[in-house]
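Undergrad: Quick one: the structure is below, and I'll ask about it shortly.
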Amino acid sequence: MSRVAFLLLIEDDEAVRTALEMSLTRQGHRVVTAATGEDGLRQLREQRPDLIVLDVMLPGIDGFEVCRRIRRTDQLPIILLTARSDDIDVVVGLESGADDYVVKPVQGRVLDARIRAVMRRGERESNDSATFGSIVIDRAAMTVTKNGTDLQLTPTELRLLLELSRRPGQALSRQQLLRLVWEHDYLGDSRLVDACVQRLRAKVEDVPSSPKLIRTVRGVGYRLDAPS
Amino acid sequence: MKERAGQRPDGALRGWLRGLLRLTSLRLRLVTVFALVALVAAVSVSGIAYWLNRDAVLTRAQNAALKDFRKSLGDHAGALPEDFTCDDLRGMAAAVANNALNYQVILVDDEGPEPACTAESDPSVFNVEMVPGSLSQAVRERRGNGDVSSDYHMYWQRISREGEPFLISGTEIIDEEDAGPTGYMLTSLGAERDDLNSLAWSLGVATALAVIGSVLLAQAAASTVLRPVQRLSDAARRLGEGKLDTRLEVRGADELAQLARTFNSAAASLEERVKDLSNREAASRRFVADMSHELRTPMTAITAMTEVLEEEVDNLDPMIAPAVQLVVSETRRLNDLVENLMEVTRFDAGTARMVLDDVDVADQVTACIDARAWLDAVQVNAPRGIIARLDPRRLDVILANLIGNALKHGGSPVRVTVREEQGPQGHEMLVEVADRGPGIPEEVLPHVFDRFYKASASRPRSDGSGLGLSIALENAHLHGGDITASNAPGGGAVFTLRLPRNAQLAEPDEEQEQSEAPESATPALSAGPAESATPEGPATTPVSTTSGATETTQAPVTPEAPAVSQGPAGSGERASSTGTAASPGAAAPADEAPVPAEGAGQGRRDGEPGSGAGAEGAGTAVPRARGEREAAVDREEQR
């Protein structure tokens, strides 16, 4: 639980970068920093961090683009530093593949809590496995296979699938999922769930536009169905 | 005239009439005046004409009868013997009555020594009792000077018997001697009366026609005058409704045209003025927005550092520690202020957006109080099960501000009551926050939601930013609800939040539609095709947004994306891959349309050696990864 997380902080403003680095280091994380998106991507290849904290407003390639490029090859957790929770930034960021976001001016404690929550998602909890149609969820190995091929899921996507698969056929509300997967309080942003569900559907469904596995339950939330 | 004959009610009636005339429209006044003028003119003209006519007709008929009677008497009196008997007199009466004018005659002889003799030509029509006393009196008093010509002096009188008008006349038949019999004549004036009646009718009809004509004329006149007035009134109303570009068409050169011209110039200067003001206001709002935005970056750094300082405060020099604590707490306050300022600028700029979710209101209220450790000071009366569709974060802001305000100014215990109500716009949810404090002074009540409003200058500034209630109100408005402040009868202030159970997004914006799409799906159990339509919007958007990372390029993409992928939705994997591939193409400028096709090929090539999800994942991961790659290529080419 108290494993030292190795973070990559990509933030262009020097004062913010220094302050956050100091704050996070004090919380017990190991932090490397990058001032631009390009530098961040290079650091990612060289240092292989566990998690990335990414500012949206970056000179050169912006945070969304960095996020998309990371997602092409890596499934490590990404936390966005964004301007405002109801900005369009959040939606674009989540669609680019971010796992969570925090709003500036960010409090070190909040960021730390989010980091720890994201890191916990990759932890193993039980040893069984479950099968839903062509999808096999191996909870021991923390892998998901589809027709025998490994699916590359981010820890958040994997956790979402695990939580849904633990209660097959039962609808879970967005608020419930936010609590279970994101460990957010009652004010969690339901768009996190929606965006993650879309990404997950794109990976596990045969036809993501007509999902057979992860169903939307109107007015409630989502439900995992074993296709008959 | 009749009213005046009555008593005092006539005064009240006149007042009412005057009021009616004053209150009702110009049109009615014009019509009334026209009709009155026409009526007076027509009545006086016809009245004069009638009286003149009547006089002439009657005089002519009367003169003819009298002349004939006189002549006839003269003729027959000569033939009367000296010592005429009563029979002779009767014969003479019959002879005189036998005439063209159809009058009846009575001859009376009471001068002679014999008993009086009365000769009546037709006693059933005319007998001596019918002769008025005044007339026979006048006839008998002969004129003194004896003008003993053959001319008889005729006395006449008009009488009415059983509704029929008659002319009755009398004279003394003068012989060579002085005394002779007296003769009376009666003739009907019925024919003349009928003529006059029909004349009166015609005049009445003519008068009525004249009045009607004048009313129509007044209508027409009123219309020509009032139509421009109506236009002007419409234009003024539109102007009042905020359509400042309202202008009138100026026609002609009369006073109304002048008025229209004045109106136009007034509207033009008003428009100019308003534009100027709103420009200035927009500039100042932009300034505040930019400023608070700029403050945020340093605030992030400072906030992070103050936390470090705060944790170290115990290890610091006791002389320094209070200073550090002050910096920490003031930083927090500054943070809140910047946060609230940004929120306010968002409302001002109209860019505040809602993230809707279905939540249990009771849970939200409890969670809000719990999160702020207010459980001891707040009594909650909220039945579970009131599900509302709203933005939970904004509801939290509202509740936190209302309850925080109540705790600060009213003191505990604060009572929070949640209930449902059927409001004018459908189902509503009410949250009442009541405190036990002194209440809000009446003069302050209208200002409690004003920004930075302080109840009194002497009141110490509280830790709030002065924006809390204003932000709460704006948030309620965003949901289509409202907050009202009042004082409870038993003392203490009551803030009532009223929200629709089902908040609608004020303006449809693409961001919300994306996140809402899964919820607008048909029930999950429904068959594939029905459900397939909805999730594809969000499913494709990650791809479509990759083509344009900025907000502006995203906007046009979204409405198109579902349309593009709609067709292939249900038709298998290959089709859906083309569907997603089409999205970046739709977003790209037309001349770059071939790029996605090229990108797709390239994407597959890079994908194979790498360990990316797209390359390895069989099935659905492929089209998505491909789409992303295409988009990336697309972007790189644009650059």
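Heads up: the sequence lines are chains A and B, in that order.
Count along the first sequence from 1, then add 2; that gives the number in the numbering used here.
61 is the number that the numbering used here gives to position 67 of the second sequence; each next residue is one higher, with no gaps.
C-beta: ideal position from N, C-alpha, C; glycine also.
Values in this document were obtained by computation on a predicted structure and should not be read as measured data.
Taking the Cβ atom as the reference point for each residue, do A/L180 and A/L194 lie within a distance shorter than 8 angstroms?
TA: Against a cut-off of 8 angstroms, the Cβ pair of A/L194 and A/L180 comes out as a contact.
Undergrad: Between A/E13 and B/R290, what straight-line distance do the alpha-carbon atoms span, to the nearest angstrom?
TA: Between A/E13 and B/R290, the C-alpha separation is close to 14 angstroms.
Undergrad: So, with DSSP's three-state summary, where would you put B/S115?
TA: It is coil, neither helix nor strand.
Undergrad: Strictly below 8 angstroms CB to CB, what residues from chain A border B/V353?
TA: Going along chain A in sequence order, the residues near B/V353 (Cβ under 8 angstroms) are Q177.
Undergrad: Judging by CA-CA distance, which residue of B/V219, B/A204, B/E265 is the nearest neighbour of B/L233?
TA: For B/L233, the nearest C-alpha among the options comes from B/E265.
Undergrad: By DSSP's criteria, A/R74 is part of a beta bridge. Which residues make up the other side?
TA: Answer is none; A/R74 lacks a bridge partner.
Undergrad: Can you look up B/W10 in the DSSP assignment and give me helix, strand or coil?
TA: Helix at B/W10.
Undergrad: Could you name the residues of chain A that B/R329 contacts, counting a contact when the two beta carbons are closer than 9 angstroms?
TA: The amino acid at residue 329 of chain B is misidentified as Arg; the sequence shows Asn. Correct list: P107, Q109.
Undergrad: Alpha carbon to alpha carbon, what distance is there between A/V94 and A/T156?
TA: Taking the straight line from one Cα to the other gives about 18 angstroms.
Undergrad: Could you say which of B/V34, B/A382, B/R366 lies nearest to B/A356 if we only look at CA atoms?
TA: Checked all of B/V34, B/A382, B/R366; the closest Cα to B/A356 is B/A382.
Undergrad: Look at the Cβ atom of B/P159, then the Cβ atom of B/L83, and state whether they are nearer than 8 angstroms.
TA: Going by C-beta atoms, B/P159 is not nearer than 8 angstroms to B/L83.
Undergrad: Which partner residues of B/G420 appear in the DSSP bridge assignment?
TA: For B/G420, which the question treats as bridged, DSSP gives the partners B/G417.
Undergrad: Return yes when the Cβ of B/M285 is within less than 8 angstroms of the Cβ of B/L472, no when it is not.
TA: In this structure, B/M285 does not lie closer than 8 angstroms to B/L472 by Cβ.
Undergrad: Looking only at C-alpha atoms, which of A/R32, A/Q177, A/G135 sits nearest to A/P170?
TA: Out of A/R32, A/Q177, A/G135, A/G135 has the C-alpha closest to the C-alpha of A/P170.
Undergrad: Between which two residues does the beta strand (DSSP E) harbouring A/F134 extend?
TA: Start and end: 131 to 134.
Undergrad: Starting from the Cα of B/I153, find the closest Cα among B/V125, B/A132, B/S130 and give me that residue.
TA: Answer by Cα proximity: B/V125.
Undergrad: Three Cβ pairs or more, each shorter than 8 angstroms: is that satisfied between the stretch 314 to 328 of chain B and the stretch 287 to 301 of chain B?
TA: Because the criterion of three Cβ pairs below 8 angstroms is met, the stretch 314 to 328 of chain B and the stretch 287 to 301 of chain B touch.
Undergrad: Thinking C-alpha only, which one of B/L46, B/L7, B/A346, B/T26 is nearest B/A466?
TA: Out of B/L46, B/L7, B/A346, B/T26, B/A346 has the C-alpha closest to the C-alpha of B/A466.
Undergrad: Straight-line CA distance for B/A367 to B/L493?
TA: If I take the Cα positions, the gap works out to 25 angstroms.
Undergrad: When Cβ atoms are compared, which residues of the stretch 295 to 310 of chain B fall closer than 8 angstroms to chain A?
TA: Residues A295, I296, T297, A298, M299, E301, V302, E305.
Undergrad: Cβ of B/F28 within 8 angstroms of Cβ of B/S208?
TA: Against a cut-off of 8 angstroms, the Cβ pair of B/S208 and B/F28 comes out as a contact.
Undergrad: Which runs of the alpha helix (DSSP H) at least 4 residues long sit entirely within the stretch 18 to 106 of chain B? Give them in chain order.
TA: Complete alpha helix (DSSP H) runs here, min 4: 20 to 73, 80 to 91.
Undergrad: Give me the subset of the stretch 17 to 36 of chain A whose CB atoms are less than 8 angstroms from a CB atom of chain B, sorted by chain position.
TA: Correct list: A17, V18, T20, A21, L22, M24, S25, R28.
Undergrad: Do you know offhand how far B/P536's Cα is from A/S98's?
TA: Below a pLDDT of 50, predicted positions are generally treated as unreliable, and B/P536, at 38, falls in that range; the measurement from the model is reported next regardless. Using only the alpha carbons, I get a separation of about 6 angstroms.
Undergrad: At a Cβ threshold of 8 angstroms, is A/L82 touching chain B?
TA: Not closer than 8 angstroms to any Cβ of chain B, the Cβ of A/L82 fails to qualify, so no.
Undergrad: Please report the distance separating the alpha-carbon of B/D103 from that of B/E76.
TA: Straight-line Cα distance between these residues: approximately 13 angstroms.
Undergrad: Residues of the stretch 90 to 124 of chain A with a CB closer than 7 angstroms to any CB of chain B: list them in chain order, please.
TA: Residues I90, V93, V94, E97, K106, P107, V108, Q109, G110, R111.
Undergrad: Is the CB-CB distance between B/V307 and B/A295 below 8 angstroms?
TA: For B/V307 and B/A295, no; Cβs fall outside 8 angstroms.
Undergrad: Short of 9 angstroms Cβ to Cβ, which residues in the stretch 161 to 193 of chain A face chain B?
TA: Answer set for the stretch 161 to 193 of chain A: A173, S175, R176, Q177, D187, Y188, L189, G190, D191, S192, R193.
Undergrad: Can you find at least 3 beta carbon pairs, one from the stretch 24 to 33 of chain A and one from the stretch 57 to 77 of chain A, that sit closer than 8 angstroms?
TA: Contact fails: fewer than three Cβ-Cβ distances are below 8 angstroms.
Undergrad: In whole angstroms, what is the alpha-carbon distance linking B/I206 and B/D49?
TA: When rounded, the distance between both Cα atoms is 30 angstroms.
Undergrad: Helix, strand or coil: how does DSSP classify B/Q213 here?
TA: Three-state DSSP puts B/Q213 in a helix.
Undergrad: Give every residue of the same chain whose Cβ lies closer than 7 angstroms to the Cβ of A/V108, excluding the five residues on either side of it in the sequence, and list them in chain order.
TA: Excluding sequence neighbours, A/V108 sits near L83.
Undergrad: Can you list the residues of chain A that B/V349 reaches, using a CB-CB cut of under 7 angstroms?
TA: Under the 7 angstroms cutoff, chain A gives D88, D191, S192, R193.
Undergrad: Taking the alpha carbon of A/R73 as the reference point, which residue from A/K106, A/R47, A/V105 has its own alpha carbon closest?
TA: The option with the nearest alpha carbon to A/R73 is A/R47.
Undergrad: Starting from B/K269 and walking both ways along the alpha helix (DSSP H), at which residues does that stretch end?
TA: First-last of the alpha helix (DSSP H) with B/K269: 249 to 305.
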